[in-house]
Amino acid sequence: DVKVTQSSRYLVKRTGEKVFLECVQDMDHENMFWYRQDPGLGLRLIYFSYDVKMKEKGDIPEGYSVSREKKERFSLILESASTNQTSMYLCASSLGGTGSQETQYFGPGTRLLVL
Amino acid sequence: AQTVTQSQPEMSVQEAETVTLSCTYDTSENNYYLFWYKQPPSRQMILVIRQEAYKQQNATENRFSVNFQKAAKSFSLKISDSQLGDTAMYFCAFMKQRTGTASKLTFGTGTRLQVTL
């Protein structure tokens, strides 16, 4: 089974703090994704990575950056946390390729509260 | 750009009954995939079922089946013999066939399903 883990289930931070959310997958997947989930809005893509050190912006990248130094690890960085970044953050990964290899598998999520 | 619409924010069904969750999407693509994901309360999002647009046959996974109507751009999920463990938020998602770097999912806003005794 694919396993995607996230470093924290719950996180409380202050406005202006630098926040790191970590995601690790153990299936040698090429692609990794960061989403945020808000009530009534579903999941929205922040950033994704298709290889080590390679990244692309998603639909809502403003206020976020990412890092992928190793294939199994994908970090989401909030450079200066703001209250409107309070949300549930979900990481996902996919093998890459075509067909069923593009199916994404999700981590348990990190619920971030910015005060 | 693709959009996915789930018009039922909340639904309720009694145990052992059948329920259908609706999903419509808008795209100009011909080759794509559709998914239903399930997110139980405080638990991980898991894949329920997957449909390739080029396949006319509707996908099934045990008690879960879809009604895929490509011309109507409709992709509903039917849950038969509902169980308490089916209580969850259900998301419909669209993915166009990969061109370039990686395939991205576009999600609907979700339907919260409550299964009652």
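For the record, the sequence lines run as chains H and G. According to this note's numbering, the stretch in the first sequence is residues -2 to 112, in order. According to this note's numbering, the stretch in the second sequence is residues 59 to 175, in order. Don't be surprised by glycine CBs; every beta carbon is placed ideally from N, CA and C. Given the structure is predicted, the values throughout are model-derived calculations rather than measurements.
**Prompt:** What residues in the region 1 to 15 of chain H bring their beta carbon closer than 8 Å to a beta carbon of chain G?
**Reply:** none
**Message:** Would residue 101 (chain H) and residue 163 (chain G) be called neighbours here (beta carbons separated by less than 9 Å)?
**Reply:** As a position in the first sequence, residue 101 (chain H) is number 104, starting the count at 1. As a position in the second sequence, residue 163 (chain G) is number 105, starting the count at 1. The answer is yes: Cβ separation under 9 Å.
**Request:** Using the Cα positions of residue 66 (chain G) and residue 107 (chain H), report the straight-line distance between them to the nearest angstrom.
**Result:** Within the second sequence, residue 66 (chain G) is the residue found at index 8, counting from 1. Within the first sequence, residue 107 (chain H) is the residue found at index 110, counting from 1. Using only the alpha carbons, I get a separation of about 26 Å.
**Request:** Using a Cβ cut-off of 9 Å (strictly closer), state whether residue 114 (chain H) contacts chain G.
**Result:** It is not possible to answer for residue 114 (chain H), since the shown part of chain H is limited to -2 through 112.
**Prompt:** From this set, H:83, H:14 and H:41, which residue's C-alpha is nearest residue 76 (chain H)'s C-alpha?
**Reply:** As a first step, residue 76 (chain H) must be located in the first sequence, where it is residue number 79. Comparing Cα positions, the closest option is H:14.
**Asked** Is the region 68 to 88 of chain G touching the region 147 to 154 of chain G in the sense that three or more CB pairs, one from each, lie closer than 8 Å?
**Response** yes
**Asked** Does any C-beta atom of chain G lie closer than 9 Å to the C-beta of residue 70 (chain H)?
**Response** Mapped onto the first sequence, residue 70 (chain H) falls at position 73. It does not: the Cβ of residue 70 (chain H) has no partner Cβ on chain G nearer than 9 Å.
**Prompt:** Between the region 80 to 95 of chain H and the region 28 to 45 of chain H, are three or more C-beta pairs nearer than 8 Å?
**Reply:** yes
**Prompt:** Does any residue of chain G bring its CB to less than 9 Å from the CB of residue 41 (chain H)?
**Reply:** Translated into the one-based positions of the first sequence, residue 41 (chain H) becomes position 44. Chain G contact via Cβ: present.
**Contact with chain H by residue 101 (chain G), beta-carbon distance below 9 Å** = In the second sequence, counting from the first residue as 1, residue 101 (chain G) sits at position 43. So, interface residue.
**Nearest-angstrom Cα separation, counted from residue 167 (chain G) out to residue 80 (chain H)** = The residue given as residue 80 (chain H) occupies position 83 in the first sequence. The residue given as residue 167 (chain G) occupies position 109 in the second sequence. Using only the alpha carbons, I get a separation of about 22 Å.
**Request:** Would you tell me roughly how many angstroms separate the C-alpha atoms of residue 87 (chain G) and residue 175 (chain G), rounded to the nearest one?
**Result:** The residue given as residue 87 (chain G) occupies position 29 in the second sequence. The residue given as residue 175 (chain G) occupies position 117 in the second sequence. Approximately 42 Å, taken between the alpha carbons.
**Asked** Helix, strand or coil for residue 27 (chain H) per DSSP?
**Response** Here residue 27 (chain H) corresponds to residue number 30 of the first sequence, with the count starting at 1. Reduced to three states, the DSSP call for residue 27 (chain H) is coil.
**Message:** Between residue 1 (chain H) and residue 104 (chain H), how many whole angstroms is the CB-CB distance? I'm expecting something under 8 Å.
**Reply:** In the first sequence, counting from the first residue as 1, residue 1 (chain H) sits at position 4. In the first sequence, counting from the first residue as 1, residue 104 (chain H) sits at position 107. The pair is a contact, with the Cβ atoms about 4 Å apart (cut-off 8 Å).
**Prompt:** Mind checking whether residue 140 (chain G) and residue 72 (chain G) have CB atoms under 9 Å apart?
**Reply:** Here residue 140 (chain G) refers to the residue found at position 82 of the second sequence. Here residue 72 (chain G) refers to the residue found at position 14 of the second sequence. In this structure, residue 72 (chain G) lies closer than 9 Å to residue 140 (chain G) by Cβ.
**Asked** Mind pulling the beta strand (DSSP E) runs of 3 or more residues that sit fully within the region 28 to 65 of chain H?
**Response** 28 to 35, 39 to 48 and 51 to 54
**Within chain G, partners of residue 100 (chain H) - CB distance below 9 Å** = The count along the first sequence starts at 1 and reaches residue 100 (chain H) at position 103. Within chain G, the C-beta atoms nearer than 9 Å to that of residue 100 (chain H) come from 91, 93, 105, 108 and 153, in chain order.
**Asked** So residue 84 (chain G) is in the beta strand (DSSP E); what residue range does that whole segment cover?
**Response** One-based indexing of the second sequence puts residue 84 (chain G) at position 26. Run containing residue 84 (chain G): 82 to 84, per the beta strand (DSSP E) assignment.
**Asked** Exposed or buried, which one is residue 17 (chain H) when buried takes at least 16 other CB atoms within 10 Å?
**Response** Here residue 17 (chain H) refers to the residue found at position 20 when the first sequence is read from its first residue. So residue 17 (chain H) ends up on the exposed side.
**Prompt:** When the distance is taken between beta carbons, is residue 144 (chain G) closer than 9 Å to residue 173 (chain G)?
**Reply:** The residue given as residue 173 (chain G) occupies position 115 in the second sequence. The residue given as residue 144 (chain G) occupies position 86 in the second sequence. Yes, the pair counts as a contact, with Cβ atoms nearer than the cut-off.
**Range covered by the beta strand (DSSP E) that runs through residue 127 (chain G)** = The residue labelled residue 127 (chain G) in the question sits at position 69 within the second sequence. It spans 122 to 127 - the beta strand (DSSP E) in which residue 127 (chain G) sits, taken as one unbroken run.
**Within chain H, partners of residue 167 (chain G) - CB distance below 8 Å** = Counted from its first residue, the second sequence places residue 167 (chain G) at position 109. Per Cβ cutoff of 8 Å: 37, 38 and 39.
**Asked** Should residue 74 (chain H) and residue 84 (chain H) be called a contact, given that it needs their Cβ atoms to be closer than 9 Å?
**Response** Counted from its first residue, the first sequence places residue 74 (chain H) at position 77. Counted from its first residue, the first sequence places residue 84 (chain H) at position 87. No, the pair does not count as a contact, with Cβ atoms beyond the cut-off.
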